[in-house]
Structures are given as structure tokens and as C-alpha cells.
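**Q**
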Amino acid sequence: MATINGNNANNTLSGVFDPIPPIFFPDRPDTINGFGGNDILNALGTNDVLNGGTGNDTLNGNGGNDTLNGGAGADSTNGGSGNDRIIDDDFVNFDFHNGGTGVDTIDYSGVSFASGVVTINLATGLTSVSGGNTETIINFENVEGSQGGETIIGSSGNNVLNGNGGNDTINGGAGADSTNGGSGNDRIIDDDFVNFDVHNGGTGIDTIDYSGVTFASGVVTINLATGLTSVSGANTETISNFENVEGSQGGETIIGSSGNNVLNGNGGNDTINGGSGNDTINGGAGSDTFKGSQGNDSINGGDGIDTADYSQLGQSITLSGVGTIQKAGGLGQDQLFKVEKIIANANVANNTIDASQSLPGVFITVNLQNQSLAANNVPVLGTLPFTVVNFDNVIGTNANDSIVGDNQNNQLSGNNGNDTINGGSGNDRLIGGSGTDRLTGGAGNDIFDFNSLSESQPGFARDVITDFAGNGIFAGDQIDLSTIDANSIFAGNQAFTFIGSAAFSNVGQVRYSGGILQANTDFDVFTELEIQLVGAPGLVASDIIV
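For the sequence shown, this note's numbering gives the first residue as 1, with consecutive numbering after it.
1. What is the DSSP secondary structure of D332, counted as helix, strand or coil?
2. Among the residues of its own chain, which have a CB less than 6 angstroms from the CB of T31, if the five just before and after it don't count?
3. Out of curiosity, what's the CA-to-CA distance linking G100 and S81?
4. Can you give me the Cβ contacts of V540 inside the same chain, cut-off strictly under 7 angstroms, excluding the 5 residues immediately before and after it?
5. The beta strand (DSSP E) with F386 in it runs from where to where?
6. Between the beta-carbon of N162 and the beta-carbon of I189, is there less than 7 angstroms?
7. What are the boundary residues of the beta strand (DSSP E) that T229 is part of?
8. Output needed for V339: all residues of its chain with C-beta closer than 6 angstroms, excluding positions within five of it in sequence on either side, in chain order.
9. Tell me I87's beta-bridge partners as DSSP assigns them.
10. How would you call P29, buried or exposed, if buried means at least 16 neighbouring beta carbons within 10 angstroms?
11. Given G61, which residues of its chain have a CB within under 6 angstroms of its CB, disregarding the five upstream and five downstream residues?
12. Considering just the uninterrupted stretch of the beta strand (DSSP E) at Q294, what are its terminal residues?
13. Measuring alpha carbon to alpha carbon, tell me which residue in F35, I153 and L126 is nearest G173.
14. Determine contact between the stretch 345 to 356 and the stretch 392 to 401, defined as no fewer than three beta-carbon pairs at a distance below 8 angstroms.
15. In chain order, what residues of the same chain lie with their CB nearer than 8 angstroms to the CB of A554, ignoring the 5 residues before and after it?
16. Pick out whichever of H199, G102 and T46 has its Cα sitting closest to the Cα of G64.
17. Work out the CA separation of T207 and A225 for me, nearest whole Å.
18. Based on Cα-Cα distance, which residue from S434, G441 and T436 lies nearest to N422?
19. Per the contact definition of three or more C-beta pairs closer than 8 angstroms, is the stretch 234 to 246 in contact with the stretch 190 to 206?
20. Mapping DSSP to helix, strand and coil, what is P26?
21. Where does F526 fall in DSSP's three states?
22. Is it true that the CB of N445 sits closer than 7 angstroms to the CB of N416?
23. Output the residue ranges of the beta strand (DSSP E) runs that lie fully inside the stretch 293 to 377 and measure 3 residues or longer, sorted by chain position.
24. Can F468 and P537 be called in contact, C-beta distance under 7 angstroms?
25. Taking 8 angstroms as the limit between beta carbons, can you name the residues of its chain near Q315, skipping five residues before and five after?
26. At what residue ranges does the stretch 135 to 213 contain a whole run of the beta strand (DSSP E), taking only runs of 3 or more?
27. With contact counted as at least three CB pairs below 8 angstroms, one residue from each stretch, are the stretch 211 to 220 and the stretch 174 to 185 in contact?
28. Does the stretch 473 to 482 come close enough to the stretch 502 to 509 that 3 or more CB-CB pairs lie under 8 angstroms?
29. Where in the stretch 420 to 507 do unbroken runs of the beta strand (DSSP E), each at least 3 residues long, occur, reported from the N-terminal end onward?
30. Please tell me whether V143 and F193 are closer than 7 angstroms, where the distance is taken between their beta carbons.
31. Take the Cβ of G148 as the centre, count every other Cβ of all protein chains shown within 10 Å, and call the residue buried at 16 or more, exposed below.
32. Return the CA-CA distance between G36 and D191, expressed in angstroms with no decimal places.
33. In terms of alpha-carbon separation, which member of L430, D485 and G492 lies closest to G464?
34. Could you spell out the range, first to last residue, of the beta strand (DSSP E) harbouring T280?
35. Take F504 as the anchor and find which of F490, T527, S488 and G492 has the nearest alpha-carbon.
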């Protein structure tokens, strides 16, 4: 091994033959330093190191796995045969780099500054700086990026592309590529689901981007949790240290990690599961399905008929009138946009539609049996229809709602407004709330629940129960007044006393006559609560929960 040094003149320096027989030292590389001047440096055939120094230098690697660094100046390098590394220390001078044969690397890792946007393109054989220099890089397979952000584009072959520092965009192109974003918030683009690639986002907030892919031979799953992208019956590639995903133009399954992810489905009918973490999820075009999971997620369905599916969550959910999903068990709250279907878990109770916080003037039409929900009179948008599956309970708006239950045991509350409520089959609890409400229990033993005197005022403001069927021989419907204080004179919650059809004679009495149930809570003879029972059915004391 020899070290050969030039001076500040224009030198032509070549490696030397090793006088020691190769049988003892089969690989003794040379180091040739040009220093100043416009030098010509020639390696022989071993794994040599050539440093041009300052000046416009020409470096020839010839055989062996050489390392060539032109240094400052407009240099020309040629790796020759072997797997060579050609180092460029700046994006200023116009250099000409030729990797030669073998698997060669163009290395900008020592560069920390660029005056514009840098693109390193193995496909075109050019490195360019916007508004500045363009230099030639031909016959390279691998790239080491700079310490700043750039775009790195591979060739049609198998490339190793490392972004190093900065926020990089890396596209391997065709071939089985290996990419590493390094530090910074990087975007790594994969143009197909055919080749076996290895992608590593590195540190930072990194994105794996398949948005340019339009075809897959099988079912695609992009899984940040396992670090794999797979195509059924075909390719599986590695995607490690990524936080975000851009899906393809076809349908795939995208699964997030335990961190905070941004997951975009783009085209096709996608299935997206954010995993734990606070995720931002966009379905894009197509009819997409979003799997409910732990965390505070923002879900935008985009175009198509999109579904938020919480059937495997293991907890009940509450759908609000402003598009939020509150998940029980401390699992977080999601915000839904442009999602047309919501599925709750059928194996848990108390899945609730709560429209009580809806905008003024908005009213709902709900039929749990038909799995339909319409938000009506929404500003600008008019009526918004939804499909709601496996919900048990409904809380209405402040306007006049129509609510119909299903064959489950529902709790249906009109809230404010003049509501129409039908329990359907099942043993239901119907709460009209304030306003003049029309209540139908339907089949089953239903409870009509009144929680304040204002919920059913005397006269034309009273609520109407259309199908009350009391206890009689078998257990039947009941009217629940137990949360109303029967005696307003004293503190506490005193119970009522049922006196049949007799006139009021004391405070805290309930009477029934001619299909009208009345309650008195003070010492006068007037009623403070009045409920009409259509058909004037018979009523006994056990029909009233006092």
C-alpha cells in the first residue's frame, strides 16, 4: 500500500505496483492525494482512495472497489469496474461523475447546504439545483443523500437510496430497492406492488407513499404495526419506522401503528384501521370502511358511501349530533366527516344516538328497525341521511323529532320539542321530554318516563300515550313518576299516592279519570301534571311507579 501526494501544481499521479508478492498481501490499496491544481489521478486495480483536493480534477478508479472524491472544483470522476463510491462535497460546481460498471454509489452525505431545491435522479443521470447547478451522474445504482432535504429518484434497476439528513422525498422506481429516509420528515414513494423493496423511514415523521400505484395482482395490506406491505399470493415488502401512509388508487387494507398516524386511502374501496393513537384518516375516493379503535381519531370518508365500523371495539359508542363518536371505557372520541354509515357493537348495551347538541332548527327522523337516521333542516346541506346499525338508545334534538325503536329494549328520549316516539317491540323506556309529545310503546312491557312537571303540562300541552296497556292480569306498561317530587312544599323527593278517580284532597296525589292522569304537588286543587291515555284504558296503582 502506498500514499502518493501531489502539490499545488497540475499533477498526473498513478498508483504503484506493490513489490511485495500478492500471495502474502493480496489487497494493498493506494491513497492518492492531488491537493491543489488541476490533477489527473489514476488508480491501478486495487481498492484505492483518490482525493482530488482543490482544482478541476480528473479521477479514474479503473479496477477495484474505489473511493473517489474530487473535492472542490468542477471535477470528472470515473469509477471504472468494481463497486465504487464517488463522493461529491457540494452542490455548487458542475461535476461529471461516472460510476462505471459494478454497483456504484454517488455520495453527497458530506453536503450540508444547497442554494435551491435539489433533485438527485439516477433515471435521468442528473443532479440539479433549482436556479443553479446541474451535474451528470451516470451508471450509479445507489445514492447517499446530503444533510439537507432533497428528492432522490432511482433507476429501473435495484437501488439503495439513503436520504440522510433533512426532509427527503425518495422514489426507488422499478426494481427491488432499499430506501432509508434517515433523520427528518421523509416521504418514500413506491410505484408498484410487484418488486420486493425494503423501506425504512428512519427518525422523524415519515410517510410511505403508494399513491402512484394503479394495479395489484392480489389483496393488498399495508400494515405499519407489523412493518409489512403484502399482496396475497405475491410480494411482501418491509416498511419500518413509518408514521403515515398514502394508499394506492385501488382498494387496500391500511393498518396504523400504536402512534399517531395520518392514513390516506386515496382511490378504491379501502379498509382503514388507525390502531391506537390519535390518528387522522381520510378515505378519499371509493366506498371506504373505517375500523373503530382506541384513540381520538379524525375520520373523513371523502367520496362514496363510507362506513365507520365499531362492531369489534368491545365497548359501546355514542353518536352525537355534531358527528362525534364517544367510545366507552376511556377509549377516546372520534370526529366523523362525510361518513354515511355507523355500525355499533351488537354485543354490548347502551349504544346511543345523542342529537341533543344539534344546531338550532335541526330535527331528526330515526327508525332503529330500518337502521335509518336523517338529520333534517341542516344549514346549507338540508337533509343528511345515515345508516345506523346496532344502536339501542336515542336522544332527540330541541326541535320536533320522530323516533322509532326496534325489537330490542330501547331507551328513546325526545328531549325538547313536540316529538313522536314509538318504541317498537321490546321492553322500552320512552321519555318525551319537554314539549307536547305523542308516545307509543308498541309491543312489550314499556315504561313511559316523566322526570319533571314541565314535561307534560295540563290541557292542550299534555303528552299523549296512544297504546297504554297496564298490569291487569299480566305485567304490562307502566308510567314512571318516581323522579318527580310529589310535595313541592318540602325538600327532597317524596313519592306520589294514587287515589283512583277521586278528587284531590291532599298534596302529592295522583288521580285518573276519563283517560286523563293528573298529579298534584301542592295544597291547591289544581293539577300540575297531566297525561292523556288514548282509549281511556283501565289503570291500577301498580301501573304507576311513584
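Backbone N, C-alpha and C define an ideal beta-carbon position, used for all residues, glycine too.
**A** So, from the data block:
1. In the sequence as displayed, the identity of residue 332 is Gly instead of Asp. Looking at G332 - three-state DSSP - the assignment turns out to be strand.
2. Close CB contacts of T31 within its chain, under the 6 angstroms cut and outside five residues either way in sequence, are with T3 and V49 (chain order).
3. 6 angstroms
4. In its chain, beyond the 5 residues on either side, G470 and N471 have a beta carbon closer than 7 angstroms to the beta carbon of V540.
5. G382 to V389
6. No, the Cβ-Cβ distance between N162 and I189 is not below 7 angstroms.
7. Where T229 is concerned, the enclosing beta strand (DSSP E) stretches over L228 to V231.
8. Residues of the same chain with a CB within less than 6 angstroms of the CB of V339, apart from the 5 flanking positions on each side, are G301, D306 and A308 in chain order.
9. I87 is bridged to N69 and D107.
10. buried
11. A43, L68, G79, G80 and D84
12. It is not in any beta strand (DSSP E) - Q294 carries neither H nor E in the DSSP assignment.
13. Taking each of F35, I153 and L126 in turn and checking the Cα distance to G173, the smallest one comes out for I153.
14. yes
15. Residue 554 is absent from the model: the chain starts at 1 and stops at 546.
16. T46
17. If you draw a straight line from the Cα of A225 to the Cα of T207, it is about 14 angstroms long.
18. G441
19. yes
20. In this prediction, P26 has a pLDDT of 49, which is less than 50 and means its spatial position is unreliable; what the coordinates show is noted afterwards. Reduced to three states, the DSSP call for P26 is coil.
21. coil
22. Against a cut-off of 7 angstroms, the Cβ pair of N445 and N416 comes out as no contact.
23. 298 to 300, 307 to 309, 317 to 320, 324 to 327, 332 to 337, 341 to 343, 352 to 354 and 363 to 367
24. Taking 7 angstroms as the Cβ cut-off, F468 and P537 qualify as a contacting pair.
25. K327, A328, G329, L331, N345 and V348
26. 142 to 144, 151 to 153, 160 to 162, 169 to 171, 178 to 180, 187 to 189, 198 to 200 and 207 to 209
27. The answer is no - the stretch 174 to 185 does not touch the stretch 211 to 220, with fewer than three Cβ pairs under 8 angstroms.
28. no
29. 420 to 422, 429 to 431, 438 to 440, 447 to 449, 463 to 465 and 478 to 480
30. no
31. buried
32. 45 angstroms
33. The sequence as given places Val at residue 464; Gly does not occur at that position. Minimum Cα distance to V464 is reached at L430.
34. Residues T280 to N282.
35. T527
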